[in-house]
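Asker: Residue numbers are given in this note's numbering: position 50 of the sequence shown equals residue 315, and the series is strictly consecutive.
Ideal Cβ positions, reconstructed from N, Cα and C, are used throughout, including at glycine.
One structure follows; several queries about it will come next.
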Amino acid sequence: MSQQHTPLWEVFVRARRGLAHTHVGSLHAPDAELALRNARDLYTRRQEGVSIWVVPASAITASSPDEKDSFFDPAADKVYRHPTFYEVPEGVAHL
Numbered sequence: 266m267s268q269q270h271t272p273l274w275e276v277f278v279r280a281r282r283g284l285a286h287t288h289v290g291s292l293h294a295p296d297a298e299l300a301l302r303n304a305r306d307l308y309t310r311r312q313e314g315v316s317i318w319v320v321p322a323s324a325i326t327a328s329s330p331d332e333k334d335s336f337f338d339p340a341a342d343k344v345y346r347h348p349t350f351y352e353v354p355e356g357v358a359h360l
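Right under this line is the structure:
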């Protein structure tokens, strides 16, 4: 099977417990199990990961960088989502 007909998989690795998975690259594989094994061999050769996710690239829906202004604009009118909107009461040491 050529790479042209083999599904593309996006690979995410979590380096340590408590950290988020990070996108590390892509690979071609016929199924999820082989994609996971190939990702392990390719992206964690020196045992730098504790968890791997493989996701079919066709399953990812992404926003376009060209539309970032209109896509993210609605968040600008919700000031209550920013910590600067709230006042910290006097005497509160840790919030």
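Excluding the 5 residues flanking F336 on each side, which residues of the same chain have their C-beta closer than 8 Å to its C-beta?
Answerer: For F336, where only same-chain residues beyond five positions count, the Cβ hits under 8 Å are S328, S329.
Asker: Within its chain, find whatever has a CB closer than 6 Å to the CB of V320; leave out the 5 residues flanking it on each side and keep chain order.
Answerer: Contacts found: E275.
Asker: Would you list, in sequence order, the uninterrupted beta strand (DSSP E) runs of no fewer than 3 residues that lie entirely inside the segment 309-351?
Answerer: Counting only runs of 3 or more, we get 316-321.
Asker: According to the Cβ coordinates, are A285 and E313 closer than 8 Å?
Answerer: No, they are not a contact pair.
Asker: Could you compute how far the alpha carbon of T349 sits from the alpha carbon of D331?
Answerer: Their backbone Cα atoms lie some 29 Å apart in a straight line.
Asker: Is the CB-CB distance between A304 and I317 below 8 Å?
Answerer: Cβ distance < 8 Å, so A304 and I317 count as in contact.
Asker: Counting along the chain, where does the beta strand (DSSP E) carrying F353 start and finish?
Answerer: One detail in the question is off: residue 353 reads as Val in this sequence, not Phe. Premise fails: V353 is in no beta strand (DSSP E) and is neither H nor E.
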